[in-house]
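In the numbering used here, the protein residues as written are 20 to 367.
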């Protein structure tokens, strides 16, 4: 065979081999699974008081069940419903601190889901004005043969509140103005619908404990003991926070085993609760309030320690005023001082 013919034959063979290899690579690439992707999407309800957060999965194959770990800010959002993207039975949601775990499975001989799916929608009620961060931490996908693949994620979205630009009209020049703005921004306390804050309004015991619980993000007990004789009278929004604070020993009952959630809280009662919530209390120091004799014996140590730790401060005229009712302005300042002391925020 001549050199030219031999080259043509060899070249032809090479072309055929290259073409075969190329087709084989294409076929192999087509057989490779496309990477699974996850995303979050948030929409507001028509009334603007709810946020619907959906978890989407793209390019999944044979998903028979799943489990999702989601993070959110309990000071600003309250989970009210979960809606799975396909039929079956659900487990949860299980809530712990700022985390939600939700699992769902199909039943029977139903084939696993493939393609693009909305796995679940979480419906949150907005507790306070302002934006909220939702984080997708983990997704576990279970195939029909029960093999499980876990994905550790760092997806997050900022759910913007279109009503967040409320300007409080009655705090300009108030001694606690900066603290009020900070407290509202953190979701510790909120203004009223008419854009007022009413800083001098007195606070009930139930309101104060609810604010404190939200600020500290207390994990609400699943099966709460009910240590109070009047727990049937608690407002529904306050009940879980009262139980959470009671479980940690932050609050105690009156002698008749009642809590009296609707009763206005005194500065002494507020101070005692704050003192119990703070682990870093120093030894009690002498108090220099001119009305120290008005401080009840049961609260004297708490007043002294909370003052020394900078959690509470006196009123004008060097008074502690233990029996006066705590105001909304005083409450937000005291809670911010506590968060500052335990390193959660820097108070203004």
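Backbone N, C-alpha and C fix where the C-beta goes; we use that ideal spot for every residue, glycine too.
- Take residue 362 and list the residues in its own chain whose beta-carbon comes closer than 7 Å to its own, dropping the five residues that flank it on each side. none
- Are the beta-carbon atoms belonging to residue 174 and residue 90 less than 8 Å from one another? no
- Anyone know if the C-beta pair for residue 83 and residue 125 falls short of 8 Å? yes
- Query: Looking at the structure shown, is residue 347 part of a helix, part of a strand, or coil, going by DSSP?
  - Reply: helix
- Message: Rounding to the nearest angstrom, what Cα-Cα distance links residue 352 and residue 87 in this structure?
- Response: 37 Å
- Item | N-terminal and C-terminal residue of the beta strand (DSSP E) that residue 69 is part of | 69–82
- Query: Run through DSSP, which three-state label would residue 201 get?
  - Reply: helix
- Query: I think residue 202 touches residue 355, with their Cβ atoms under 8 Å apart; what is that distance to the nearest whole Å?
  - Reply: 6 Å
- Tell me whether residue 129 sits in a helix, a strand or coil according to DSSP, three-state version. coil
- In this structure, does DSSP put residue 55 in helix, strand or coil? coil
- Message: I'd like to confirm the pairing. Which residues does DSSP put opposite residue 158 in its beta bridges?
- Response: 87, 170
- By DSSP, does residue 191 sit in helix, in strand, or in coil? coil
- Quick one, are the C-beta atoms of residue 360 and residue 297 less than 8 Å apart? yes
- Between residue 98 and residue 234, what straight-line distance do the alpha-carbon atoms span, to the nearest angstrom? 17 Å
- Query: Roughly how many angstroms separate the alpha carbons of residue 228 and residue 335, rounded to a whole number?
  - Reply: 26 Å
- Task: Determine the contact status of residue 295 and residue 268, defining contact as a CB-CB distance below 8 Å.
- Result: yes
- Thinking C-alpha only, which one of 349, 308, 313 is nearest residue 284? 349
- Opposing strand residues paired with residue 338 [DSSP bridges]: 334
- The alpha helix (DSSP H) with residue 2 in it runs from where to where? Look at the range of the chain in this structure, 20 to 367, and you will see that residue 2 is not part of it.
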